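For the sequence shown, the positions run 2 to 373 when the numbering used here is used.
Even for Gly, the Cβ is constructed at its ideal location relative to N, Cα and C.
Keep in mind the model is a prediction, meaning the values are calculated, not measured.
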Amino acid sequence: MRSPELPKREVLLAGKNIRCFYRLFILLSFAAIALALFWFGSRYPSLFHKAAVLGHHEVSSFIWTEEILRLPANPSFFDRVTVSIANWVWSMRIGMSFGLTMGALFHTVFQFYPPKLGGNLYLNTLKGILTGAPAGVCVNCAVPIACGLTRGKANIESALSFMFSSPTLNFVVVSMIFTGLPTAFGIVQYSMMAVVLLVFVPLIVHLYNRSQPKPVEQIAACGLPINLQECEKSLFETLKEISSAYIKNLWHLIKSAVPLMLGAAVISSIVMELLPLQAIFSHVNFAAIAGLAMITVLLPIPIALDVIVAQQLYAHGVPAPYVMLFLATLGTFSILPMSYLWTEVSKRLALSLYALFVILGIAASYAITVFI
2 MRSPELPKRE VLLAGKNIRC FYRLFILLSF AAIALALFWF GSRYPSLFHK AAVLGHHEVS
62 SFIWTEEILR LPANPSFFDR VTVSIANWVW SMRIGMSFGL TMGALFHTVF QFYPPKLGGN
122 LYLNTLKGIL TGAPAGVCVN CAVPIACGLT RGKANIESAL SFMFSSPTLN FVVVSMIFTG
182 LPTAFGIVQY SMMAVVLLVF VPLIVHLYNR SQPKPVEQIA ACGLPINLQE CEKSLFETLK
242 EISSAYIKNL WHLIKSAVPL MLGAAVISSI VMELLPLQAI FSHVNFAAIA GLAMITVLLP
302 IPIALDVIVA QQLYAHGVPA PYVMLFLATL GTFSILPMSY LWTEVSKRLA LSLYALFVIL
362 GIAASYAITV FI
């Protein structure tokens, strides 16, 4: 006679069936693996190398740091642009891959765990700064992450402060500025970033929020249905569900971000070949500084290249206002975050931030003359 089957004993964690935590465990594990591979396998070794060679190695370009193609003996304009595009893409490959990976992850996390939209602009901005600074990605590679945040309906101010703090407030980049350049450059640079992050980001977002209709859409956007059967799914079923959502979100990001990335590479490569920098550097005047600021703010560059370029210009005796302009405008904004904001958030917000960085770059160029 067969004995009756005993009911399966539930494994509990914090008083709940452990299956209720499968989804969270998978998402956290994926994030930890991605961060570990990027930080310790690529980003921080690369940043430490850039810091070590600062002042001892001259860059060949103001928009890329790694070389996969070299120019022929007598390069044409087309050769120079093509090589620049290829080297830019090669320089960005790891950072952009990480940005796409984490951007899709944030979007997926917020699908399953909708964010609580707190109304404290300063607190939300601080959250973005605290996550952005250690991330160590350039502002271009931060775009897919910011896109994942806003598509997941997180706060705009958190996305903006993440983008702007990641390439500028990382401790390696900060140390490079203060060791590679006179202290005055660091003081002006971080005074500007403090104004951007603590004054203008909350202010611009506040004005943007006031112009938006009141929260019917916001509730619907964040009100993704919570699966009531979550605690009944097996580990495999949960993994399959998350993988499906993640791949879908990743593909949407790739479709929108990669064409922008390639377009930015083409435009910036052509602009840098046409820009008569030697003639510009020979005279300091408002028209030259303003015109250059309108261009350099839009140039997409790898992380820390702004510091390397500024240090190289300073060592070659380029006037301090131009050195400060490159330090202040390269790497803090670019055509990529502007395009993201234009298409995903608000055209007015995109133009406002572009104008802000141009104006602050010009102001920083003149502010440095007080010290140097």
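Look up residue i in the DSSP assignment and say whether it is helix, strand or coil.
{"i": "residue 210", "result": "helix"}
{"i": "residue 250", "result": "helix"}
{"i": "residue 18", "result": "strand"}
{"i": "residue 121", "result": "coil"}
{"i": "residue 232", "result": "helix"}
{"i": "residue 183", "result": "coil"}
{"i": "residue 95", "result": "helix"}
{"i": "residue 223", "result": "Note that residue 223 scores 36 on pLDDT, short of 50, meaning its location in the model is unreliable; the coordinates nonetheless yield the value given after this. Correct three-state label for residue 223: helix."}
{"i": "residue 334", "result": "coil"}
{"i": "residue 137", "result": "coil"}
{"i": "residue 114", "result": "coil"}
{"i": "residue 365", "result": "helix"}
{"i": "residue 154", "result": "coil"}
{"i": "residue 159", "result": "helix"}
{"i": "residue 344", "result": "helix"}
{"i": "residue 169", "result": "coil"}
{"i": "residue 142", "result": "coil"}
{"i": "residue 373", "result": "coil"}
{"i": "residue 218", "result": "Note on residue 218: pLDDT 45, under 50, position unreliable in the model; the coordinate value appears next. DSSP places residue 218 in helix when its eight states are reduced to three."}
{"i": "residue 7", "result": "With a pLDDT of 47 at residue 7, under the threshold of 50, the modelled position of this residue cannot be trusted; read the value that follows with caution. In this structure, residue 7 counts as coil in the three-state DSSP scheme."}
Return the chain-ordered list of same chain residues with a C-beta closer than 8 Å to the C-beta of residue i, the five sequence neighbours on each side being excluded.
{"i": "residue 1", "result": "Since the first residue of the chain shown is 2 and the last is 373, residue 1 is not available in this structure."}
{"i": "residue 323", "result": "281, 282, 285, 290, 293, 314 and 366"}
{"i": "residue 207", "result": "122"}
{"i": "residue 147", "result": "104, 160, 161, 163, 164, 338 and 341"}
{"i": "residue 326", "result": "290, 293, 294, 297, 362, 363, 365 and 366"}
{"i": "residue 76", "result": "84"}
{"i": "residue 344", "result": "257"}
{"i": "residue 48", "result": "137, 171, 173, 174, 304 and 305"}
Check whether the Cβ atoms of residue i and residue j sit closer than 8 Å, and answer yes or no.
{"i": "residue 236", "j": "residue 105", "result": "no"}
{"i": "residue 335", "j": "residue 140", "result": "yes"}
{"i": "residue 90", "j": "residue 304", "result": "no"}
{"i": "residue 330", "j": "residue 370", "result": "no"}
{"i": "residue 85", "j": "residue 62", "result": "yes"}
{"i": "residue 71", "j": "residue 243", "result": "no"}
{"i": "residue 125", "j": "residue 159", "result": "yes"}
{"i": "residue 373", "j": "residue 183", "result": "yes"}
{"i": "residue 186", "j": "residue 328", "result": "yes"}
{"i": "residue 142", "j": "residue 99", "result": "yes"}
{"i": "residue 82", "j": "residue 271", "result": "yes"}
{"i": "residue 311", "j": "residue 56", "result": "no"}
{"i": "residue 361", "j": "residue 193", "result": "yes"}
{"i": "residue 20", "j": "residue 234", "result": "yes"}
{"i": "residue 374", "j": "residue 346", "result": "Nothing about residue 374 can be read from this structure; the chain reaches only from 2 to 373."}
{"i": "residue 171", "j": "residue 135", "result": "yes"}
{"i": "residue 320", "j": "residue 265", "result": "no"}
{"i": "residue 35", "j": "residue 102", "result": "yes"}
{"i": "residue 350", "j": "residue 209", "result": "yes"}
{"i": "residue 41", "j": "residue 274", "result": "no"}
{"i": "residue 74", "j": "residue 189", "result": "no"}
Please list, in chain order, all residues of the same chain as residue i whose beta carbon is under 6 Å from its beta carbon, the five residues on each side excluded.
{"i": "residue 258", "result": "145"}
{"i": "residue 51", "result": "305"}
{"i": "residue 153", "result": "107, 108 and 111"}
{"i": "residue 307", "result": "328, 331 and 332"}
{"i": "residue 251", "result": "105"}
{"i": "residue 95", "result": "43"}
Spatial neighbours of residue i within its chain, please: CB distance less than 7 Å, with the 5 preceding and 5 following residues excluded, ordered by chain position.
{"i": "residue 59", "result": "313"}
{"i": "residue 27", "result": "239, 240 and 243"}
{"i": "residue 225", "result": "Residue confidence for residue 225 is low, a pLDDT of 37 falling below 50, so the modelled location carries little weight; the figure read from the coordinates is stated next. Around residue 225: 112 and 115."}
{"i": "residue 67", "result": "88, 91 and 92"}
{"i": "residue 261", "result": "337 and 340"}
{"i": "residue 246", "result": "109 and 112"}
{"i": "residue 69", "result": "87, 88 and 91"}
{"i": "residue 288", "result": "none"}
{"i": "residue 203", "result": "122, 123, 126 and 158"}
Return the chain-ordered ranges of every alpha helix (DSSP H) run that is complete within the region 266-326 and spans a minimum of 4 residues. 278-282, 287-297 and 306-316
Extract the residue ranges of the alpha helix (DSSP H) inside the region 28-90, only unbroken runs of 4 or more that lie entirely within it. 45-54
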